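Structure first, commentary second.
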Amino acid sequence: MEIRRDVILKNFLVESAEGLNLMEQSILELESRPDDNELIQAIFRVVHTMKGNASLLEIEGLLAFTHSVEDLLDTVRNGKLAVTSDVITLLLDTVDVLRKMVAAAGEDKDEHDAGARNILARIARRLKENEKPGKGKSAEDKPEEGPSPLSVSEAALSGSGIAYKESARTLRVDVEKLDRLLNLAGEITIARGRVAQMLEAKEQVTLEEIRDAHSFADSLHFEMQETVLKARMVPIGPLFHQYRRTVRDLAKSLGKMAQLRIEGEEIEVDTSVVEHLKDPLLHIIRNALDHGIELPALRKKKGKSPAGMITIRAAHQSRNIVIEVADDGAGLDRQKIIEAAHRMGLVEESGKLTDQDVYELIFESGLTTASEISDMSGRGVGMDVVRRNVQALRGSVTMTSQPGAGATVRIRMPLTLAIIEGFGVGVGDETYVIPVDQVIECVELPAEENDIARNEGVLQLRNEPLPFLHLKDHFGIPGDRGGRQSVVVVQHESSRAGLAVNALYGATQTVIKPLPSIFQDVPGVSGSAILGNGRVALILDIPALLRDYRAQEAHES
Amino acid sequence: MTVATKETVELEQYLTFLLSSEECAISILKVREIIEYDTVTIVPKMPPWVRGVINLRGAVVPVVNLAAKFGMQEKPVSKTTCIVIVEARFEDQGTIVGLIVDGVSQVMELSAEDIQPVPDFGTQVEMDYLLGMAQVGRRFALLLDVDKVLTTEELLDLGEVSSHAENALTGERAEEEPPLS
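Protein chains in written order, with the working numbering: chain C, 217 to 773; chain W, 82 to 262.
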């Protein structure tokens, strides 16, 4: 009996999380279309399902709470209560409390906390006022009364985080896709058996035949891999929609007006990409609202619509996904960024900097604090974190801006994080993997450049200077450097450098394994892969290596 | 351990092993498995006692050398060198970690009475990492607190200033060099 309750509870947690996301979206839509009865019905259904489940699972507190929420929704449905902005706020706060209660139910806690009691009191007041004719409209339901369940900024900060975590690790997959996988698994078993049989009877078969059988099995295997990756793909829309709430709440707390426009929500990406994009996007959107969008009065003066527009759009670009967050706010202030960077000693001569160079400065860590103190438009709040997160996923982030007309942050990421085409190199006894798309070419290191005393140097490559470093020394791998060395030329965006290594193993498909959490911030390493011989190889984080190297150079010169 | 106490006192099992020449023990409930020592992939820029990672049936698991962490004389890899896979807590989450040990000795049963508090001085291991001491034959075994061994601050600090940490470690070693036996 106990076990069955566990199963039901687990389903309930997942279902409720989905339901609450739907409810939140519906409430936000209801704000712009208050007469849409279908939306109210959708909200009602979510609450009703939760109530049913709560009663089944005997979660008394939740049962009572959902019952009261139903009462409120019923009056809205009957047209007795008008959908005002306050009602929307009340409903959204209710969603937050429900999320908390569902999460608590998952830990077998069932109590009304201050937040829940506050909501219940507000609902009761609403209903009571509504019964007195003519008084319903005049009474203002201020969220500030009593202990507020979630301060606006807190809700905006966490987005819809509480329940998201629970549901993020599960995935609904088309049964058709699973059937295809099952078929493939069967076919692979047969193909494997055939190869084994041939190897067993090796006198009667030619090598050619075995090779054929193997390559057939190989192709099946490849198809299986593709299908699994496809099964992990989910549309990015639901992620984007979560930010509607963020924009609404945050704009309100800042005294601004803003709308969120979503484009390309049908684009599919790997589910892990969605998880990892959540926080960086939240940072960027908060930034856009906080520093980009101007106050309504100022916008009017500039001849813009008082409500700012933040557009978030996704699109495919070859094997990448590109996500843009654009706002129509004030844009970046070149001069102020340069001043802040100058104070921190990041730049010396500002005259030579192109606009792009200046926007790059935004992503430097520390720039933000300096600018906050000086109270300039500190557009870079947390942007270094955004860049680091995105680069950890082998992506890149850039920024463009038009003064007075807005700024755009553009994130480019691979569609899947699970598999890369990797290039293996040997350093001492260690093997490292470099993502193939960052490898330009490999050349031999001339003996005269192999200076034991230095762990870096400059190479002449077709009359262009190419800085390089000895990976072995850079990583402090013990042992001699060895005789012949090769240089792998790597590139990220516009910077190029060489990595001197002992051996080149060539390109293979590499399955990425995340490093254990204690290695989260190892400079120059983005993850790990398991090699054919069972050993672990580290995957090099080329952008970070190049950045390190540049920083070192600057330090020395 | 007498027969009389066995019935009334709750006994807990501990795995004992050698770190350098020191007998150490950890609760068996923390131990997942013991595997043969195999080449460890170096993770650069980590403190010297964090040896790197191994492949444990498809999972990438960090491996640490506690002898190096506690500033003991390190022994070269031998036939008896093992990796004890334990479940430790790191940042409030269960983490699987491999401990390099110079040899696994036995599993012994200890009651709460058998465990004695750590003396203020005389042990090679910092008190923070110890739960107590227990008598094994004529010697004492150090009961390690696996959860404390991987403290966050240390790893965070060490990630940035690994060279600094190295100095600190060697410095510690110099101070505690006089052997206790």
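Beta carbons are placed, not taken as given, at the ideal position from N, Cα and C, and that holds for glycine. These numbers come from a predicted model, not from an experiment.
Here M153(W) carries a coil assignment [DSSP, helix/strand/coil]. Taking a beta-carbon distance threshold of 9 Å, A148(W) does not count as an interface residue toward chain C. The Cβ-Cβ distance between Q725(C) and I636(C) falls below 9 Å. Within chain W, no residue has its CB atom less than 9 Å from the CB of F456(C), the nearest being about 29 Å off.
Among the residues of the segment 739 to 762 of chain C, those with a Cβ less than 8 Å away from any Cβ of chain W are P739, G740, V741, S744, I746, G750, R751, V752, A753 and L754, in the order of the chain. Beta-carbon to beta-carbon, V165(W) and G179(W) are separated by about 7 Å, close enough to satisfy the 8 Å threshold. If you draw a straight line from the Cα of V625(C) to the Cα of V649(C), it is about 30 Å long. If you compare the alpha carbons of V704(C), I339(C), N536(C) and M266(C) with that of L225(C), the shortest gap goes to M266(C).
In the three-state reduction of the DSSP assignment, V421(C) falls in the coil class.
The beta-carbon of V230(W) is placed no less than 9 Å from the nearest beta-carbon of chain C.
Put simply, the CB of I107(W) is far from chain C, with every gap to its CB atoms at 9 Å or more.
By the beta-carbon neighbour count (other beta carbons within 10 angstroms, threshold 16), Q197(W) is exposed. At a cut-off of 9 Å between beta-carbon atoms, Q94(W) makes no contact with chain C.
Contacts with chain C (Cβ-Cβ distance below 9 Å) from the segment 117 to 142 of chain W involve D119, T120, V121, T122, I123, V124, P125, K126, M127, V131, G133, V134, I135, N136, G139, A140, V141 and V142, listed in chain order.
Near chain W, meaning a CB-to-CB distance below 8 Å, the residues of the segment 718 to 740 of chain C are K729, P730, L731, P732, S733, I734, F735, D737, V738, P739 and G740. The three-state reading of DSSP puts P451(C) in strand, counting E and B together.
With fewer than 16 neighbouring CB atoms inside 10 Å of its own CB, K344(C) falls in the exposed class. Neighbours of E646(C) across chain W, judged by C-beta separation under 7 Å: T122 and I123.
Interface flag for G409(C) against chain W is unset, since no Cβ pair is found closer than 9 Å. Within the segment 686 to 710 of chain C, the residues whose Cβ lies closer than 7 Å to any Cβ of chain W are, in chain order, F691, G692 and I693. Per DSSP, I500(C) is not a residue of any beta strand (DSSP E); the alpha helix (DSSP H) it occupies stretches across T487 to N503.
Of the candidates H686(C), V313(C) and L731(C), the residue whose Cα lies closest to the Cα of D329(C) is V313(C). Comparing alpha-carbon positions, the option among A340(C), N346(C), E254(C) and L273(C) lying closest to L297(C) turns out to be N346(C).
CA-to-CA, the gap between D764(C) and S159(W) works out to about 38 Å.
The segment 133 to 153 of chain W makes no contact with the segment 184 to 192 of chain W: fewer than 3 CB pairs, one atom from each, lie closer than 8 Å. Along the segment 154 to 186 of chain W, the positions whose C-beta sits under 9 Å from a C-beta of chain C are F171, E172, Q174, T176, I177 and V178, read in chain order. When DSSP states are grouped into helix, strand and coil, S186(W) belongs to the strand group. For V641(C), the enclosing beta strand (DSSP E) starts and ends at I635 to V643. Residue environment: T310(C) is assigned as buried (16 or more neighbouring CB atoms within 10 Å of its CB, all protein chains considered). Here the alpha carbons of A623(C) and N503(C) stand approximately 11 Å from one another.
With a beta-carbon spacing of about 10 Å, Y210(W) and L231(W) fall beyond the 8 Å limit used to define contacts. For L731(C), there is no enclosing alpha helix (DSSP H), as DSSP marks it with neither H nor E. In this chain, the alpha helix (DSSP H) harbouring L397(C) covers V391 to E416. Between R603(C) and P630(C), the C-beta gap is not smaller than 9 Å, which leaves the two residues out of contact. The beta carbon of V144(W) sits closer than 7 Å to those of V121, R132, G133, V134, I135, I164, G179 and I181, all from its chain and outside the five residues before and after it, given in chain order.
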